[in-house]
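Note that our numbering has the sequence shown beginning at 174, numbered continuously upward.
Written below as structure tokens is the structure these notes are about.
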Amino acid sequence: MKFKLLIVDDEKNIREGLAASLEMDGYETVCAEDGNEAWKRFGKGDIDLVITDLRMPGLSGEELLRRILAETPGFPVIILTGHGTVENAVTAMREGAWDFLTKPVNLDRLSLLVKRALANRELILQNRRMEEDLGKPRQFDNIIGRSAVMRKVFDTVIRVAPTKASILVTGESGVGKELIADAIHEYSPRKGKPLVKVHCAALSSGLLESELFGHEKGAFTGAVSRRRGRFELANEGTLFLDEIGEIDQNIQIKLLRVLQEREFERVGGEDTIETDVRIVAATNKDLRAEIEKGNFREDLYFRLNVVNIHVPPLRERKDDIPLLAAAFLKEFTLEDGKSIEGISEKARARLFAYDWPGNIRELRNCIESAVVMSQGTVINEDDLPPALRSAGDDSWIRIPLGTSLDESEKIIIRDTISFHRGNKSKAAETLGIGRKTLHRRLAEMGEEDTETTDEETESGES
Ligand SMILES: Nc1ncnc2c1ncn2[C@@H]1O[C@H](COP(=O)(O)OP(=O)(O)OP(=O)(O)O)[C@@H](O)[C@H]1O
Ligand SMILES: [Mg+2]
């Protein structure tokens with residue numbers, strides 16, 4: 174059976190040109206000259222793929238895309254876009270378009286895109302049938318988590334993995350960004366192809382450039398032979414760019430070009446190399462802030478961040494702690510040959526009380542060291558690292574890194590007052606300031622209240 178493609182463009186020449194070319198590839202084609210006509214035609218239910226212009230009179234390409242995806246999630250739609258409107262195409266990708274091409278359309282590229290999109294559609298349909306058979310959503314093997322926030326993350330992974338959209342994985346250090354990147358590759362049609370990882374912060378700018386794009390023999394001192402870069406190695410697969418916030422302006426420009434043109438040259442080389450790579454980037458930096466500071470290009474940010482997957486810190490999903498702790502405990506007791514059966518009630522309370530600034534990596538290390546420390550059959554409070562033993566203990570004040578001096582002062586004042594159960598004279602004494610100063614600070618903080626009279630009495634006594 175021939176695949177049937179719907180081509181939508183208000184320019185007759187383009188419609189017919191594309192149709193002729195795709196028919197030579199063996200597809201059946203149907204044309205529509207605007208969104209309304211296309212939507213009607215789509216309704217017949219026999220179309221396998223849609224190629225559409227964005228700007229058209231009447232129903233726009235964006236609206237057509239929205240309707241199609243609302244009715245048939247995952248349906249392959251390829252966007253055609255004029256040169257000035259690439260941003261719109263990026264927006265369309267975010268909404269679920271399969272891919273886009275700039276006009277004038279490169280027919281070879283179109284042919285390749287259509288082939289891949291159709292192959293991928295088959296895969297999605299197969300997966301969906303499998304899921305329906307099993308009657309439940311797929312599980313992630315390596316990623317533990319049942320909290321509502323993590324389920325949302327998993328849903329997004331499943332939804333966007335099959336597309337080609339670039340994904341930016343954000344989140345604090347140790348939250349599991351790399352595991353998410355692995356899952357994206359695993360659940361994409363690129364699964365059988367390479368997943369290549371580059372740790373951008375680990376290399377100097379020059380080395381990173383030749384690492385990514387490769388180099389020709391003699392390109393620089395030490396380049397004794399031609400070397401293929403990671404973009405070439407990852408062809409048809411996924412390229413994971415870790416710590417993308419660390420790359421300098423020179424590399425940023427080069428990356429932008431590959432993302433836009435899907436081609437590059439090796440360092441010191443003249444041949445232009447085409448590449449078909451799906452990019453997943455990760456960062457624990459706030460790239461928006463880096464853009465404000467002029468450290469990161471906004472255009473590159475938009476290209477990388479077609480879809481954002483934010484992995485929440487562990488303190489915002491504490492209900493995942495027991496599950497994670499149990500899994501790590503199992504892993505390390507097996508490794509150590511110890512027979513530890515569980516975690517004591519008190520130790521568990523500590524795990525909950527703690528803020529986990531180092532997130533899951535820290536939890537994993539913590540359980541690993543507790544297993545080493547443990548002498549009995551359960552992990553006790555005393556087996557935990559010192560930072561945890563003081564967690565939840567109200568004789569400590571914890572201030573997250575990144576807090577301003579002004580805000581830190583407020584936290585110290587509030588916590589000291591509450592430690593003295595509201596007795597401000599004692600709090601002032603502990604803080605080493607006069608009562609009047611404390612009152613003034615509280616007034617500035619907008620927290621001075623009617624207790625002043627009590628304070629006055631108190632002071633009268635002392
Ligand atoms: N949900 C999870 N289930 C099981 N293990 C996890 C989970 N999340 C993270 N880990 C483990 O925690 C460690 C840190 O994860 P990962 O390297 O993916 O973090 P990251 O976000 O990339 O951190 P960084 O920004 O420091 O590179 C790894 O050992 C990983 O296997
Ligand atoms: Mg990482």
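Backbone N, C-alpha and C define an ideal beta-carbon position, used for all residues, glycine too.
Which partner residues does residue i have in the DSSP bridge list?
i, result
"I482", "V342"
"F273", "I252"
"V453", "I340 and F413"
"L179", "V203 and V223"
"G515", "V551"
For residue i, which of the options has the nearest alpha-carbon?
i, options, result
"A407", "P367, E416 and G442", "P367"
"F176", "D492, R523 and L195", "L195"
"G255", "T275, V263, M266 and R267", "T275"
"P335", "K350, P246 and L496", "P246"
"I552", "T576, A560 and T506", "T506"
"V223", "E620, L242 and P249", "P249"
"F313", "I340, V278 and H358", "H358"
"G410", "K364, M266, I586 and G318", "K364"
"P277", "V431, P558 and D182", "D182"
"L376", "T610, I331, I424 and I340", "I424"
"A338", "P362, W271 and S598", "W271"
"L178", "F273, L291, F469 and E235", "L291"
"A262", "L615, Y527, F475 and K597", "F475"
"R240", "A211, D588, L280 and S577", "A211"
"E514", "T343, P559, S547 and E384", "S547"
"R403", "Q433, G395 and V371", "V371"
"S320", "V544, R214 and D493", "D493"
"R523", "E508, A462 and A498", "A498"
"K583", "V259, M618 and T550", "M618"
"S512", "G549, R294, F525 and F501", "G549"
"S361", "L496, G607 and V450", "V450"
"M197", "E602, S284 and R188", "S284"
"K519", "S563, D509 and E504", "S563"
"L385", "R594, C373, F393 and A560", "C373"
"Q433", "T394, E508, N186 and V479", "V479"
"K217", "V330, F469 and E244", "E244"
"E443", "E389, R594, F469 and R332", "E389"
"N315", "L496, E620, A526 and G595", "L496"
"E416", "F469, I570 and I317", "F469"
"M174", "K185, L473, E201 and N186", "E201"
"L477", "K466, E465 and L460", "L460"
"G318", "F501, R430, L238 and K288", "F501"
"D421", "F393, L473 and D556", "L473"
Flag residue i as yes if its beta-carbon sits less than 7 Å from any beta-carbon of chain C, otherwise no.
i, result
"D528", "The question asks about chain C, but that chain is absent: this structure has only one protein chain."
Entirely within the segment 197-224 and at least 4 residues each: give me those alpha helix (DSSP H) ranges in chain order. The segment 197-224 contains these whole alpha helix (DSSP H) runs: 208-215.
The segment 315-327 in contact with the segment 431-441 per 3-pair CB rule at 8 Å: By the Cβ criterion, the segment 315-327 is not in contact with the segment 431-441, since fewer than three pairs of Cβ atoms, one from each stretch, lie closer than 8 Å.
Contact shell at 7 Å, judged by CB to any heavy atom of ligand 2, ordered along the chain: Matched residues: K350, E351, D415 and A455.
Are three or more beta carbon pairs between the segment 341-357 and the segment 448-460 nearer than 8 Å? In short, these stretches touch, since the Cβ pair count reaches three.
Kindly confirm or deny that the segment 370-388 and the segment 485-498 touch, where touching means at least three C-beta pairs closer than 8 Å. Fewer than three pairs of CB atoms, one per stretch, sit closer than 8 Å, so the segment 370-388 makes no contact with the segment 485-498.
Contiguous alpha helix (DSSP H) assignments of at least 4 residues, all confined to the segment 556-629: Counting only runs of 4+ residues, the alpha helix (DSSP H) found wholly inside the segment 556-629 occupies 559-562, 578-592, 597-604 and 608-617, in chain order.
Does the segment 197-215 touch the segment 228-244, meaning 3 or more C-beta pairs lie closer than 8 Å? Taking one beta carbon from each stretch, the segment 228-244 and the segment 197-215 have 3 or more pairs nearer than 8 Å; the two touch.
To test your reading of the DSSP string, which unbroken beta strand (DSSP E) runs of 3 or more residues are found completely within the segment 333-405? Whole beta strand (DSSP E) segments, 3+ residues: 340-343 and 368-372.
Contiguous beta strand (DSSP E) assignments of at least 3 residues, all confined to the segment 522-546: Counting whole runs of 3 or more residues, the segment 522-546 contains no beta strand (DSSP E) stretch at all.
Give, in chain order, every unbroken run of the alpha helix (DSSP H) that is at least 4 residues long and sits entirely within the segment 432-477. Within the segment 432-477, the runs of alpha helix (DSSP H) at least 4 residues long that lie entirely inside it are, in chain order, 460-465 and 471-477.
Assess contact between the segment 344-351 and the segment 530-543, defined as three or more Cβ pairs (one per stretch) separated by less than 8 Å. Is contact present? Three or more beta-carbon pairs separated by less than 8 Å link the segment 344-351 to the segment 530-543, which places the two stretches in contact.
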